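For the sequence shown, position 22 (counting from the first letter as 1) is numbered 22 according to the UniProt record's numbering, and the numbering increases by one without interruption. Using N, Cα and C, we set each Cβ at its ideal position, and we do this for glycine too. Predicted model, so just to flag it, every value in this text is computed and none were measured.
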Amino acid sequence: MQIAICDDEKSIGLILEEKIKKLLPDAVIEKYLSGDELIASGCEPDILFLDIQMPGMDGMETARILRQKNERMVLIFVTAVEEYVFQAFDVAAFHYLVKPFSDEKFEEVVKRAVRSIKEYSENQLDEKYMMVQSGGSHMKVFLKDIVYAEVYNRKVIIHTRDTNIEYYGKLQELSEIAGADFFRTHRAYLVHFKYVQKYDANCVTMENGTALIAKQNYSEFVKQYLKYNQRKGKEIG
1 MQIAICDDEK SIGLILEEKI KKLLPDAVIE KYLSGDELIA SGCEPDILFL
51 DIQMPGMDGM ETARILRQKN ERMVLIFVTA VEEYVFQAFD VAAFHYLVKP
101 FSDEKFEEVV KRAVRSIKEY SENQLDEKYM MVQSGGSHMK VFLKDIVYAE
151 VYNRKVIIHT RDTNIEYYGK LQELSEIAGA DFFRTHRAYL VHFKYVQKYD
201 ANCVTMENGT ALIAKQNYSE FVKQYLKYNQ RKGKEIG
């Protein structure tokens, strides 16, 4: 998970960074001292903590520009003034934190923000599907239902919780459609991180089967699995 802090007071940025690290120790945190600096960086964070009253471009204008290219960003204003609270709705702010605030309040807001990101990600996956031809019929297969897939005798076999679906195709094509919630553990296997039960350097145990893992892919698998858990907000409750 990528988090950005934009506040012209360096001390405030450091305090926020420390609070965030306690809640999300694996998050990547970037700090900026102005809206101009943030926009110039090209950063597109999952969560942005943004001050309003800053030299140069203020927080509201910064938020408007960022919103044009990042609609999914969770925007949290952190400010000492309450007068902009209604303007915050115009840029789809998630929350408006007025300084000073308690650690309990901050934790509550961060947890809700992470939960919001998780729900958005799950909703996106819920809607994605692919059409396959199996046994003379065309079938709609939702990606969220795929536990893992394998190749056998030139056929792709998709394993869901309820059934197996076979069709002639390439696992690479399925992998490209599936996206970051899936991983190619082996040339013959594609697994859905959501259904991983346990793993070691030889195999990945899924809810309804076992997939082999090529040893040269193991370290990358672990890295991407950790990133998956971060995206889904499993660091905090």
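Just the Cα atoms here: how many angstroms apart are residue i and residue j?
i	j	result
residue 243	A63	Nothing about residue 243 can be reported from this structure: the residues present for the chain run from 1 to 237 only.
K66	M130	It is Leu, not Lys, that sits at residue 66 in the sequence shown. If you take the alpha carbons of L66 and M130, they lie about 32 Å apart.
I146	E44	29 Å
F77	I177	36 Å
F86	H95	11 Å
I213	D26	25 Å
Q68	G179	24 Å
R184	G13	39 Å
Y195	F142	15 Å
N106	E18	The sequence given here places Phe at residue 106; Asn does not occur at that position. So the two alpha carbons sit approximately 12 Å from each other.
K232	Y120	10 Å
Quick one: residues in its chain with C-beta nearer than 7 Å to the C-beta of residue i, no 5 flanking neighbours on either side, listed in chain order?
i	result
I236	Model confidence at I236 stands at a pLDDT of 46, short of 50, so the residue's coordinates are unreliable and nothing is read from them.
A149	V156, I157, I158, H159, L171, L174 and L190
K215	A201
Determine, using beta carbons only, whether residue i comes closer than 7 Å to chain B.
i	result
F94	No chain B appears in the structure shown, which is made up of a single protein chain.
So, at 8 Å on beta carbons, what are the nonlocal neighbours of residue i in its own chain, with the 5 sequence-adjacent residues on each side left out?
i	result
H138	M131 and V132
I39	M57, T62, I65 and L66
T79	D51, I52, Q53, G59, Y96, L97, V98 and K99
G209	V147, Y148 and H159
V81	I52, Q53 and V98
Starting from residue i, trace the beta strand (DSSP E) both ways and give me its first and last residue.
i	result
L48	I47 to L50
G35	From DSSP, G35 is part of no beta strand (DSSP E) but of the alpha helix (DSSP H) over G35 to S41.
The alpha helix (DSSP H) spanning residue i covers which residue range?
i	result
E30	No alpha helix (DSSP H) contains E30, which is instead part of the beta strand (DSSP E) from V28 to Y32.
A88	Q87 to D90
A80	Looking at the DSSP string, A80 is not in any alpha helix (DSSP H), and its letter there is neither H nor E.
M60	G59 to K69
Could you tell me which of the options sits nearest to residue i, measuring between CA atoms?
i	options	result
R154	F106, L48 and E166	E166
S219	E37, D200 and K232	D200
L97	I117, L33, L16 and F142	L16
residue 240	E83, D7, E127 and A88	As displayed, the chain neither begins before 1 nor continues past 237, which places residue 240 out of reach and without an answer.
E108	I20, N164 and E83	I20
K10	I3, K118, D181 and S34	S34
R161	H192, D103 and R187	H192
Less than 6 Å between C-beta atoms, sequence neighbours within five positions excluded: which residues of the same chain meet that for residue i?
i	result
K198	T205
A92	none
May I have a chain-ordered list of the alpha helix (DSSP H) segments no shorter than 4 residues that lie completely inside the UniProt domain "HTH LytTR-type" (130–200)? 171–178
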